[in-house]
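Engineer:
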Amino acid sequence: MNGIDGIDAHWLWAALGLALLTAEMLVPGVFLLWFGLAALATAVLVFATDPSLPVQIVSFSFLALIFAYSAKRFVTDRPIASSDPLLNNRAARLVGEVAVVSLPLDGGRGRVRLGDSEWQAEGPDLPLGERVRVTGTRGTVLLVERSSGPVIEIRKNPADDAAGDQRL
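Under my numbering, residue 187 is the last one in the sequence shown; the count climbs by one each step, no gaps.
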């Protein structure tokens with residue numbers, strides 16, 4: 020069956036398949052791959068049987084669904100194991116670390132300084148400078164408990180008071 024301008028339909032399907040596979044290499048994700056493979060399979064089908072255009076479109080659609088569903092099943096059955104599962108979860112990486120209360124925990128909420136960052140924190144009421152251990156996270160809020168060790172004196176920056184810094 021001839022396609023456009025005398026070009027055989029199987030060549031058009033093959034070109035579409037190769038274009039989709041090329042696009043798959045240029046865009047993130049693994050989605051166009053299955054449409055590209057379906058187009059190549061349709062090219063083989065059209066070369067072997069020479070069906071009408073509606074049959075070609077239906078077979079392409081059917082093959083694309085089969086390939087995409089099979090890939091989804093394959094990927095969910097074999098998840099990729101990460102060597103560092105907390106790589107993109109910075110708060111969870113802090114569990115077990117010791118921090119210092121930078122804004123007193125009053126009513127169970129305050130702020131703690133850990134390294135060069137300040138984090139919102141929840142835990143028992145604690146005074147300024149108290150050492151705390153991170154026991155968990157709730158989103159980007161650190162869950163803390165009192166830790167043994169000396170209380171650290173924290174001096175407030177007078178510029179913060181002048182600017183009306185509301186930290187919580």
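We put the CB at the ideal spot given by N, CA and C, even for glycine. None of the values given here were measured: they were computed from a predicted structure.
1. Would you decide whether F81 is buried or exposed? Buried here means 16 or more other CB atoms lie within 10 Å of its CB.
2. Given a cut-off of 9 Å, decide if L59 and A90 are closer than it, judged by their beta-carbon atoms.
3. Can you tell me whether V63 is buried or exposed, with buried defined as 16 or more other CB within 10 angstroms of its CB?
4. I need the straight-line Cα distance from L40 to W30, nearest angstrom please.
5. Can you have a look at T95 and say buried or exposed, based on whether 16 or more other CB atoms are within 10 angstroms of its CB?
6. Between the segment 143-158 and the segment 98-114, do at least 3 Cβ pairs fall closer than 8 Å?
7. Who are the Cβ neighbours of L37 in its own chain at under 6 Å, not counting the five residues just before and after it?
8. Looking only at its chain, what residues have a beta carbon closer than 8 Å to the beta carbon of P143, apart from the 5 residues adjacent to it on each side?
9. Which of the three DSSP states is assigned to E116 in this structure?
10. Alpha carbon to alpha carbon, how far is E51 from S102?
11. Who are the Cβ neighbours of A57 in its own chain at under 6 Å, not counting the five residues just before and after it?
12. Secondary structure at R97, three-state DSSP: helix, strand or coil?
13. If you reduce the DSSP assignment to three classes, tell me which class T159 lands in.
14. Between I76, P104, R132, W53, which lies nearest to F93 when the distance is taken from Cα to Cα?
15. Is L161 closer than 9 Å to S121 when the C-beta atoms are compared?
Structural biologist: Reading from the atomic positions:
1. exposed
2. no
3. exposed
4. 15 Å
5. exposed
6. yes
7. none
8. Taking P143 as the centre and dropping the five residues before and after it, the same chain places the C-beta of L124, G127, E164, R165 closer than 8 Å to its C-beta, in chain order.
9. coil
10. Note that residue 51 is Leu in the sequence shown here, rather than Glu. The alpha-carbon atoms of L51 and S102 are separated by roughly 28 Å.
11. Once the five neighbours on either side are set aside, the close Cβ partners of A57 are F79, L82, A83, F86.
12. If DSSP states are grouped into helix, strand and coil, R97 belongs with coil.
13. coil
14. W53
15. no
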